[in-house]
Each structure stands twice: as structure tokens, then as C-alpha cells.
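Working notes, structure below.
Number of protein chains: 2
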Amino acid sequence: MKYGYFDDRNREYVITNPRTPWPWINYLGNEDFFSLISNTAGGYSFYKDAKFRRLTRYRYNNVPTDSGGKYFYIKDGENIWSPGWKPCKTELDQYECRHGMNYTILKGDRDGVTAEVLYFVPLKTWAEVQKVTLTNNSHQPKKLKLYSFVEWCLWNAASDMENFQRNFSTGEVEIEGSVIYHKTEYKERRDHYAFFSVNTPVQGFDTDRESFFGLYNGFDEPQVVAEGKPRNSEAHGWSPIASHYLEVELQPGESKDFVFVLGYVENKSEEKWESKNVINKRKAKETIARFDTSRKVDDALADLRHYWDNLLNVFSVDSGDEKLDRMVNIWNQYQCMITFCFSRSASYFESGIGRGMGFRDSNQDLIGFVHQIPERARERIIDIASTQFPDGGCYHQYQPLTKRGNNDIGGGFNDDPLWLILGTTSYIKETGDFDILDEMVPFDNDPTIISSLLDHLTVSFNHVVNNLGPHGLPLIGRADWNDCLNLNCFSNDPNESFQTTENKTHGSVAESVMIAGLFVVYGREYITLCRRIGKTDEANLAQIQVDLMIGAIKEHGWDGDWFIRAYDFYGHKVGSKENEEAKIFIESQGWCTMAGIGKEENMNVKALDSVKELLDCEHGIVLNNPAFTKDRKSVV
Amino acid sequence: MKYGYFDDRNREYVITNPRTPWPWINYLGNEDFFSLISNTAGGYSFYKDAKFRRLTRYRYNNVPTDSGGKYFYIKDGENIWSPGWKPCKTELDQYECRHGMNYTILKGDRDGVTAEVLYFVPLKTWAEVQKVTLTNNSHQPKKLKLYSFVEWCLWNAASDMENFQRNFSTGEVEIEGSVIYHKTEYKERRDHYAFFSVNTPVQGFDTDRESFFGLYNGFDEPQVVAEGKPRNSEAHGWSPIASHYLEVELQPGESKDFVFVLGYVENKSEEKWESKNVINKRKAKETIARFDTSRKVDDALADLRHYWDNLLNVFSVDSGDEKLDRMVNIWNQYQCMITFCFSRSASYFESGIGRGMGFRDSNQDLIGFVHQIPERARERIIDIASTQFPDGGCYHQYQPLTKRGNNDIGGGFNDDPLWLILGTTSYIKETGDFDILDEMVPFDNDPTIISSLLDHLTVSFNHVVNNLGPHGLPLIGRADWNDCLNLNCFSNDPNESFQTTENKTHGSVAESVMIAGLFVVYGREYITLCRRIGKTDEANLAQIQVDLMIGAIKEHGWDGDWFIRAYDFYGHKVGSKENEEAKIFIESQGWCTMAGIGKEENMNVKALDSVKELLDCEHGIVLNNPAFTKDRKSVV
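This is the structure:
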């Protein structure tokens, strides 16, 4: 491999060239505290919600890419370098990044010094631990200078990059010993702060960004490091950071470890203060004490590894095919767990502020994860269902911190309700826990409107039945699985987003054949569930609706050679041979085929043959956005 | 001076050291098209609205500061440098930045080559013109490579930095000859595009950012420039840029000029296309043709200078004091004009997306500008008044593009209405144009609710009268001039902003002595106006209200030695000797004194003596935010 290789024994991907074609990132944390980290130490941390509780700054879409992170600078004589190559970009004699299960190890060698940094979020801990190991492999004693660096985000990641009139005036830190506390707005309405510590006395520090970098330097050349001594700056406003300064002497062959902890604390309002304007540091100190030796850190990492052993041992294959085994036994399950935890709300391409957790996404993500920790899947199902409306409709997204539906994005994605059936039945199939159906779950988080989870499934099913269009097919609402296929949206105002613009939901006749197929698939799941728990009448009634839907699809959703995609606002077909562009879409072929619709008439085979035929001539199929027509070269 | 000096003859500030303690910026444009430019070529351009029509990207609060701009890279042998020092930061033999009246000239010398760049927005032009002059002062022929650079913003500056799932998939350019067109979303809902041209054939170009910089380099080291040849990249998605590549040969003593034009075009929807998917370039070509020779550019700059001669000649002093004359005759008036045009919506500290134009601000800004171009002041007054509500209340801000009130920020800043009286009477005093009072102006931009501007002043006046608290003092509403003094806001939710959180406006008894003083000052202006136009009855009625207010201030707004600041939601005094902190505020002393309240009792002298006394002992006065108490060292 050009950039690295899989280490199956350690369940790691090992990157040996820092110049990957794009930053390759790992995800740390799996409950409340999370970090993203790239193979060159870029990334950020947040508590629960990447928008509302961002601990450190990261700059998306910057020049250079992947700007901001958990950086270390080593000064060896006049040479300045970083264990992860970036930010310094000083050439390393050797470089290695090991992305493991919720941990990452960066290792750099330069001039006889090896610097290794282990990054991970220990279990049940609101902190990221960074263990730095410096080793002198040369035959000379080494006098090194080590600088840590993180830049504090002022909590709300959105306003952090907009409202400078406010932001540049509010930053506050406290410095006590080797711990730098970030407490912006703590004096006002916040009951939480962050800290960055090291388990040894420091020879200096910096907490003001411009003091550290100077005005004209990038992350690659901090002024303080070039000058060789810290300024012991105390931030008041502007941009608070945290940088420790350590002088490290190493004899030939000697190694030293340093443990840094980047943590988050919430205090009860009556326990906020130690004394006037001095924050209560008890919890921070407790966390720091849990990791104040390398031994404790190693134990915590062993716990994390053990945790992953247990997760991955639930399900494994031994197929004889190394690559298949690797994917099934390690990486796909890891990916599913990460997706469950982050729910696509924060990644290298999701800025963590544009959206929260998806109703649709989180239900789908459950199915790859439910066998690992069913009790967390259960909790997630209840969380999701709690945001549903009494008529079965849904907010499209909700914020992980508040668990409330996101009004900015709104609802009306009419496929959404059906995915709750998928999530719930997948959970029951895995666990046999039918009791979840009796769990009382509010609608729209309103405790006065509460009903069993089974009722939530019923209203989900009925939401389709109650929202049928003129062809007996499901109304699409705002959009369906294909978010971009807005059949009702005709805004001429370019300042509106496509997703949230007011569309013509009321009185619209736009119908989705994809939702129709989906309804047949998960409607049958619902029927099976009802029969299994003895709700025969409900099952029979539901079966009638499913049969009606199959009939409607055959009559109005079939174009002769394939399934059409939809009817638009004007009742015109979309994804039909009648169309000049976008004649055939994959979603309706897939779902109607999975539903076995028209099996007896060979419809499904015919449909998939049509897909294949069109694929072969590279012409006319649009996978996603109708704007991507063949002249855009995005056609498959 | 350490960093530069004033050149009064040319009305320029001349910076001779690029390492200013903070980027020093100038503002270009004065009607529809605007640019910010720093002394090292950082900044961006927008059409009318810095949020909705951002042409180029700029990164606020970045590391390094002032990242993104209108950059040029010169490659002379293996040396790479920029005329404005940044982004390359290659040491220059000489550097000069001339910030003039709506234009900026950057000049750098290196190894016998002088590069001068003139930046300005010509009058009545939706474009920024950049004239680059390269001169060979050496005794050898020079073969230079010149690269231009701007990075396109995807129009909406807010979503541009949030929604990467979308942004990285939508970027589109067209390249024709030496013109690079930016047309993202033009195929969908937009009827506008941007372009960047040069008036000579190019030897290459780049439009894809990563192709130009590489993944790991900052603005200081584009990969393409290091390699010495362009990649002729065509952006599809990701981050579109525009960079021209020119090979320039200069004999000893020879100079060559190149004119770059960065422009914006709107097309009628029926005229959007030249042919299928080819944008209609007619207007762009017209603009480019207007500046296709250096002579035309020089003429346009002369027009701009002449325009400023006329503006500044309206009012000038010859005091014998060089510094006073300089400020009054040039810089203060320039500043007022800039403030009028940008209305604080975009600057180095306002990101251009957090707010639009302020109701309060824009009225205040008029008074420094009205003598220069009264007709534009008139237009602005009508625009502002058109956002007012029928009861006299106001949106606190409105968007310059749409001229609609900004719902996100809301209203209820109860000082706002009074500033319309200030704006209007200042205009009339300057122009004698009483006819403006008969101008029919809608409320809340609703053409069905329309009334004379005089009526708007009346409802402004009455808004105070109709919103009095228990002491007969004006209710503060959401806040007053001191935005931070939220006397009704008790949110415990740190995710809400102070400014927009739901506060207890209804039923609140929070009163502002500052608004009371303001009411007396501008109430009297209103009375004088009414008398002047023969509305004696209205004047007499208003006089009664003003007198009542004076009485209320004396009785309930006076603390014995100074004016209190307010009564809070609970009816407690703020800014009183009874308070432990924040005993005295400057705003109520200032406005009540300007109103001459208690002159006979010597109240005003006593109040200002109290201020002075407290200032002398550096204790207890809070200018703005009550959070800035003395331990924060922000006390004056």
C-alpha cells in the first residue's frame, strides 16, 4: 500500500506516509465526550453536541486543509518538529500513525529522538488523554523543549465563528499549577468549563493565541517556539488557548512520559465557585488524578481494548478470506459503532453545526450496531421516538444535547416514520425484548402526550396511510430518502436553502414510489410484529393497506420496463421513459424489488435489467440529484 | 511614526512596515459593490450584502490572522514574493501601502523588481479593479511569472462555512479566454455570477483550490507557484478559485501594466443563458471592456478622486492645527461615509453575517454624512423608516439586500424609535427639505400600511409615551443603547444568545433613565419640528409629555448625587449608590445632562462631578457590560 496497511492483530490501520491524499481521521470517545483526530493531529473535541459544546477550535475547509488540532511542538536545538508531521511539516526520519479502536497513536522520529503520542478518551470519562513519550535514541544527552497546544472554542461552534464583537471580549482562563482552565461565560450563564493539564510541573505556559503564534504565523511556526521560551500569557478576551511548556533532559536511551488531559466539567449552580471568581476545580482534579501516571493511562487503555474485545467478539466470521474477515470482524463493526455515536453530526465533512442527529439516519444506523450494545440501542430508539409528532410525522433531526427536534430543519420528510419500524424491529429481532413496545414514550418530548412505543409504530405506519396522493401512492411531503428530490419546492429565492425553504406540502400531489416500496417492506415487518404479539386485527387491517399499496405501485408506479421514481407537484412523472432527462432512478427499483413487487409478472427482474442496460451504456441514470445530468459527468 | 504617516496632499495614510500590530484595513466601494482590503492584501468583496452576496472567501479569526484576500504571487527565478508582503512573507527590499479615499495601493520591491497593485471599486461599477504594474529596475532583463488569486465564496457567507455536504458538491466555473467565471448555483435558482479577468492573454490558469495550493500548504506557499507552472485545473465542486498565470519579460527599465477585474453580474431570468449551460456573459464583457487599458483605469481612478474632492469640499476647516484639519477635513468625513455605506455590517470585527444594518446605528451614522450626499441620506431615512412597525417599534436590524427587518435579531430595543427623529431632523436641518416629511412610507415594508414620514416620527415619539413604566420612565423593552444591559433577561440556557433570548418584555417594569434623557433631547427636536411646520397642537401635546418626563427623571431618576441608570425587572435600581457594584453609569449622566435636566438644581454639574470623582479613583464605573466589574480591569 502506498500510504499504509492493516494491522489485524492490533485492529489498527497503520499510516506510514503523512501526506495522505486527504486527512484520514479517527473518532475517539463513545458516550458523552468525543474527539476527531486526523493522521496529522488535526481535529477537535466536544461534549455530547458538536454545535453547543465544542471544546476546541478546528477550521473546516481551510488553507491548508485540516487546520487546528491537538498539537505538540518539539524543539531540539534549532530544529522544530511535530510527532504527527503537521503542523510543523518538518521532515521526519520516520512517521507512523496507528488508528485503532477509539484511539490513535502518532509517532515521529527526528535526529535520534522518538516522540510518540497516544490519544484516547477513556471509558466513562469526560476527557481526552494524551500520553507523550519522548525517547532519546542517540548517543548524546538531549535537551528538548516540548510545547503542547489546543485552542479553546467559545462553546457554541456556530457563534464562535460569527460574533467577534462578542467573542473577542469574553475569553477567560484560570491557571493553577500545570492546569489551564477555560471558563469563558462561566461567570454568566454557564455551569461548565474545560481544562488542559499535564502531570508534571511546567516551566511555563501560554494562554493567549497571538502571544503564542504572533500575528503573522500559521500553526506551523509559533513565535514562542521559535524564540524558545514561553511568554506565560494570560488571556483576557481575544482567543484563549492552552499551551504547556516543558524542558526535558534525556540521557542516551532514556525515555520520559507525560500525560496531558483535556477535560470537561459541569458543576451544579450552587457548587460553581471555590471562592469569589475562582472556579470549583474539584471534579477536574478528580479526573486529572485518575490519569496522573503512565501506569494509570496504560490501564485505562487496556480497559478500552478489553471493551472492544467484548464488543467485537459478539459477532465474527472466519471465511478464509482475509479481507472479508477484516471488514466484517473489525472495520465495519467499528464504523457502525462510530456512526451510532456520532450519527453523522460531526465528521471531516459535517461541520458539527449544520445538523444534529437524523431521525432517519439514527434508525438506520441502529441495525449495524444493535448486536453490540443492545441497551444503548434501546435508549436511542426511545430518544428518537420521543421527538415524533402524534400524527406520526417527525422532525428530520434533533440535537443530541437537548434531545429536542431541530426546528431550523423542520420535518415533513415522509419516509422518516417508516424507519422507526426498521429500528425497533431490528432491536427486537436481536434481543427478543418485546417489552420495549410497552415503554411509554412522549410525542414531541411533551410528557403530557405519551403513549406506548407500539403506538408510535402504529402512527408511523398510519402516517403513510393517512397521507396518500391521487394515485394511492405516498405523498412525498418535503422530500424522501433522496433529500435532494424536492418535488414540491419551487423557491426562486437563492437565499433560502433547498432543504428548509417553504415547499408546497399542502395541497401537493407529489408522490414517492420509493416511499411506496419502503412502506411495503417495513409495513410487512409491522404486520409480522403485530401477529407475533397477538394483534391480529391490526395486522389484518395493515395487510389490506400493504396490498392496496402493491396494487397502486403496479398500476401507477410501473412504467412498462421499470418503476418510476415519483409524481411531482404538477402530477408529472419523474424517472420515467417519458422524461427527457433523469429517466430512471435507482431508489424505486431497489425498494420495490426488495419488496418483491411484481415478482409474478417478472417486474423486478425487468427493472433491474433496465438498470443494468442503462449502466452499460453509461447513460441516463441519475443516482441522486437531478441536477447531476450526464453533461456533469456524474452519471453512473 | 513606527508604521507609517499621513500624506495629507494625497489624502492617504502611508504604511511603510507591513508588520502592523493588527491588520490595518481600508474600505473600497460606496454604493452597491464593496471590498475590504488590509495593508497586506487580505480581505473580500461583496455585492450589497456581506452575508447573502459574498463574492470571495475570507477567514475571520484565523491562524495566521487576516487569511484570504486578493493575492498576487511573483516568481523571479526561484524567489517567490508578494507585493503586499503577505501571503508569501518573503522579505521585501521596500514595502509601501497607501490607503486612500476608497482605493489602496500596495507596492513591493525585491531584487530590482517593483510590483505595484492599485485596488479600487470604480464609481457606478459592480467590480473591483486591480491594476498591477511590474517594473524592472535592474540592469538585467527579467523573466517573471505572475499569478493572481482569489477564492470564490459560494454566495451565502454563513452556509459557505457550515454546509460542506452541499458546498463541496456544487462549485462551478466557466473559463473563456482570460476570464474565469464563477457560476455556482446559477443553473439552479441564482440569476447572478461573478468573474475575474485580466486584459491580456494568459499562459495558464487554475480554478481548483487544492490543485493550486496542494493539500498541506497555506496561502504562503502555493504548490503551483513553487512548481512554476499552472495546472489549468477546472473546478467541479470542492473549492473553486480563480488564478491567472502570466509570463512577463521586462527589459531593464521597462514597465508593464495588467488590469484585473473582479466583478459581479445579475441577469434577467430570460437572459441567463448564451446557449445550453453557457452563461450569458454580455454584461461581464461590457464591464471588462470599460477597464481594458491602463488609461481607462487611470481615468476611472481620477473620477473617483474627483468625486471625493467634491464630497470633502462641502465642509472643511483651516484651524492652523494640522492634526485637527486632517481629521475634520479628511479622515472623520471619510470614516462617516464608510460607516454610512457599510453600516458596521462588515469590518475586520464584524463578520458580515451576524447582523445587517442597524436601525439605531444607521440613523446615528447619518448625522456625520448628511452634508456630503443628502440625497443618499434621504433614501436611507426612507429605507429605515420602512422597516418600522405601525406602533413605532422597530426591528433592531435589517438586511441591506432585501431591506427587510431581520427576524433573527428581532426588536424591542426601546431607544430605537427615537433615533429616527434624530436622523430625520438632522437631514432637514442640513437640506431644508421639509418635503421629506410628506413622503409616504410603509410600515414593516407592507405597502398596504403606509403613512407619511411625519407620521413615522409621531409614532416614534409616541412609542415612548405609550410604553411608560411605574415611575413614568420609559420601559426599556429588550434593551436600550447599551445592548448588554438586559434588565429583563434571565435565561439560564447558555445556548441562547443574550441579545435574542426571550426576555420578559411583557409585564416587565424595567425602565431606562437613559431612554428618558434621550426622549427629552429628541422629543424637543420633534416639538421644534412640529412648531416649524405649523403643527402647534401636536407640539403642545408633545411638550406636555416631555415635561412629564423631566419631572419623572427628577423624582425617580435622581439618586442624590447622580442619575441612576435604570430600574430592573424587579423594580430595583441599577446604577445607584445603593448598589454594591455598578453604582454609576455614564449613559444616563450624559443624556440627562445633554437634556439639561435639573440645570436649575445643578443636578447635571453634580452628576458629572460624581463621574469625575469616580474616574479619579478608578473605581466603580462600568461603561458597558455589567459583567466587566473592577476585578476585570475594564473599569475606567
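Chains as they are written, first to last, in the numbering used here: chain A, 37 to 672; chain B, 37 to 672. For each residue, glycine too, the CB sits at the ideal point set by N, CA and C.
Three-state secondary structure assigned by DSSP to D244/B | The count along the second sequence starts at 1 and reaches residue 244/B at position 208. D244/B falls in the strand class under three-state DSSP.
Within 10 angstroms of the Cβ of T52/B, are there 16 or more other Cβ atoms? Answer buried if so, exposed if not.
-> In the second sequence, the residue the question calls residue 52/B occupies position 16. Exposed is the call here.
Which residues of chain B have a Cβ atom closer than 8 Å to the Cβ of F231/A, listed in chain order?
-> The residue labelled residue 231/A in the question sits at position 195 within the first sequence. The contacting residues do not exist; F231/A stays about 18 Å from chain B at best.
8 Å Cβ cutoff, M197/A in contact with chain B = Here residue 197/A refers to the residue found at position 161 of the first sequence. Answer yes: the Cβ-Cβ gap between M197/A and chain B drops below 8 Å somewhere.
Measuring CB to CB, does W121/B end up less than 8 Å from T76/B?
-> The sequence position of residue 121/B within the second sequence is 85, counting from 1. The sequence position of residue 76/B within the second sequence is 40, counting from 1. Yes. Within cutoff.
Residues near V314/B by beta carbon distance below 6 Å, same chain, minus five either side | Start at 1 with the first residue of the second sequence, and residue 314/B comes out as number 278. Around V314/B: no qualifying Cβ.
Reduced DSSP category for E649/A - H, G, I as helix; E, B as strand; rest coil | Looking up residue 649/A in the first sequence gives position 613. Helix at E649/A.
Element boundaries [alpha helix (DSSP H), containing M373/A] | Residue numbering aside, residue 373/A sits at position 337 when the first sequence is read from its first letter. Note, M373/A: alpha helix (DSSP H), N368 to F378.
With a 10 Å radius around its C-beta and 16 neighbouring C-beta atoms as the bar for buried, classify N638/A as buried or exposed.
-> The residue you call residue 638/A lines up with position 602 of the first sequence. N638/A is exposed by the Cβ-count criterion.
Unbroken alpha helix (DSSP H) run spanning D225/A, endpoints | On the first sequence, position 189 is the one that residue 225/A refers to. Before going on, a small fix: residue 225/A reads as Arg here, not Asp. That residue, R225/A, is in no alpha helix (DSSP H); it is neither H nor E in DSSP.
In terms of alpha-carbon separation, which member of C430/A, V545/A, I620/A and A86/A lies closest to L651/A?
-> Within the first sequence, the letter at position 615 stands for residue 651/A. Minimum Cα distance to L651/A is reached at I620/A.
Let me know if Y41/B comes out buried or exposed under the rule of 16 or more other beta-carbons within 10 Å of its beta-carbon.
-> Counted from its first residue, the second sequence places residue 41/B at position 5. Exposed, by the Cβ-count rule.
Can you name the residues of chain A whose CB is closer than 7 Å to the CB of S387/B?
-> By 1-based counting over the second sequence, the position of residue 387/B is 351. Near S387/B (Cβ distances below 7 Å), the residues of chain A are E198 and F200.
How should K167/A be labelled, buried or exposed, when 16 other C-beta atoms within 10 angstroms of its C-beta is the threshold for buried?
-> Residue 167/A sits at position 131 when you count from the first residue of the first sequence. K167/A is buried by the Cβ-count criterion.
If you follow the beta strand (DSSP E) that T169/A is part of, which residue opens it and which one closes it?
-> Against the first sequence, residue 169/A aligns to sequence position 133. Looking at the DSSP string, the run of the beta strand (DSSP E) that includes T169/A is A163 to N172.
Mind checking whether Q201/B and E623/A have CB atoms under 8 Å apart?
-> Here the question's residue 201/B lines up with position 165 in the second sequence. Here the question's residue 623/A lines up with position 587 in the first sequence. For Q201/B and E623/A, no; Cβs fall outside 8 Å.
With 8 Å set as the bound, which would you pick, yes or no: does the beta-carbon of Y431/B sit closer than that to a beta-carbon of chain A?
-> Start at 1 with the first residue of the second sequence, and residue 431/B comes out as number 395. Closer than 8 Å: no.
Assigned secondary structure, S311/A (DSSP; H/G/I helix, E/B strand, else coil) | For the purposes of this step, residue 311/A is taken as the residue at position 275 of the first sequence. Of the three classes helix, strand and coil, the one that applies to S311/A here is strand, per DSSP.
Can you tell me whether L659/B is buried or exposed, with buried defined as 16 or more other CB within 10 angstroms of its CB?
-> Here the question's residue 659/B lines up with position 623 in the second sequence. Note on L659/B: pLDDT 42, under 50, position unreliable in the model; no value is reported.
So, do the segment 518 to 531 of chain B and the segment 557 to 575 of chain B have three or more beta carbon pairs nearer to each other than 8 Å?
-> no
Quick one: what does DSSP say I10/A is sitting in, helix, strand or coil?
-> The structure shown does not extend to residue 10/A, since chain A spans only 37 to 672, so no value can be given for it.
Are there three or more Cβ pairs, one per stretch, closer than 8 Å when the segment 411 to 424 of chain B is compared with the segment 464 to 481 of chain B?
-> yes
So P123/B packs on F241/B, CB below 8 Å; how close in whole Å?
-> The sequence position of residue 123/B within the second sequence is 87, counting from 1. The sequence position of residue 241/B within the second sequence is 205, counting from 1. Wrong, their Cβ atoms sit about 19 Å apart, outside the cutoff.
When L554/A, L577/A and L286/A are compared against I589/A, the one with the closest alpha-carbon | The count along the first sequence starts at 1 and reaches residue 589/A at position 553. Cα-wise, what sits closest to I589/A is L554/A.
Check whether the Cβ of K319/B lies closer than 8 Å to any Cβ atom in chain A.
-> Position 283 of the second sequence, counting from 1, holds the residue named residue 319/B. So no, K319/B is outside the interface.
Reference N365/B, options K38/B, L180/B and R47/B, closest by Cα | The residue labelled residue 365/B in the question sits at position 329 within the second sequence. If we check each option's Cα against that of N365/B, R47/B comes out closest.
Tell me, please, whether the CB atom of T101/B is closer than 8 Å to any CB atom in chain A?
-> Reading the second sequence from its first residue, position 65 is the one you call residue 101/B. Yes, its Cβ sits closer than 8 Å to a Cβ of chain A.
When DSSP labels each residue in this structure, what does V549/A get in the three-state scheme?
-> Residue 549/A sits at position 513 when you count from the first residue of the first sequence. Reduced to three states, the DSSP call for V549/A is helix.
Chain A contact for N53/B (CB, 8 Å cutoff) = Here the question's residue 53/B lines up with position 17 in the second sequence. No, its Cβ sits nowhere closer than 8 Å to a Cβ of chain A.
Using the beta-carbon count (16 or more within 10 Å), is A474/A buried or exposed?
-> As a working note, residue 474/A is residue 438 in the first sequence. Ala is not the amino acid found at residue 474/A; the sequence shown has Asp there. Flag for D474/A reads exposed.
Just mark Q176/A as buried or exposed, buried being the case when its beta carbon has 16 or more other beta carbons within 10 Å.
-> Here residue 176/A refers to the residue found at position 140 of the first sequence. With fewer than 16 other Cβ atoms within 10 Å, it is exposed.
Drop a sphere of 10 angstroms on the beta-carbon of S311/B, count the other beta-carbons inside from all chains shown, and report buried for 16 or more, exposed for fewer.
-> One-based indexing of the second sequence puts residue 311/B at position 275. Looking at its Cβ environment, which holds fewer than 16 other Cβ atoms inside 10 Å, S311/B is exposed.
Under the rule that 16 or more other beta-carbon atoms within 10 Å means buried, what is Y131/B, buried or exposed?
-> Residue mapping note: residue 131/B aligns to position 95 of the second sequence, counting from 1. Buried is the call here.
What residue does the beta strand (DSSP E) around M476/A start on, and which one ends it?
-> Indexing the first sequence from 1 puts residue 476/A at position 440. Its beta strand (DSSP E) spans residues M476 to F479.
8 Å Cβ cutoff, R396/B in contact with chain A = Working through the second sequence from its first residue, we reach residue 396/B at position 360. No, no contact with chain A.
Whether P530/B touches R226/A by CB criterion (8 Å) = Numbered from 1 along the second sequence, position 494 holds the residue referred to as residue 530/B. Numbered from 1 along the first sequence, position 190 holds the residue referred to as residue 226/A. In this structure, R226/A lies closer than 8 Å to P530/B by Cβ.
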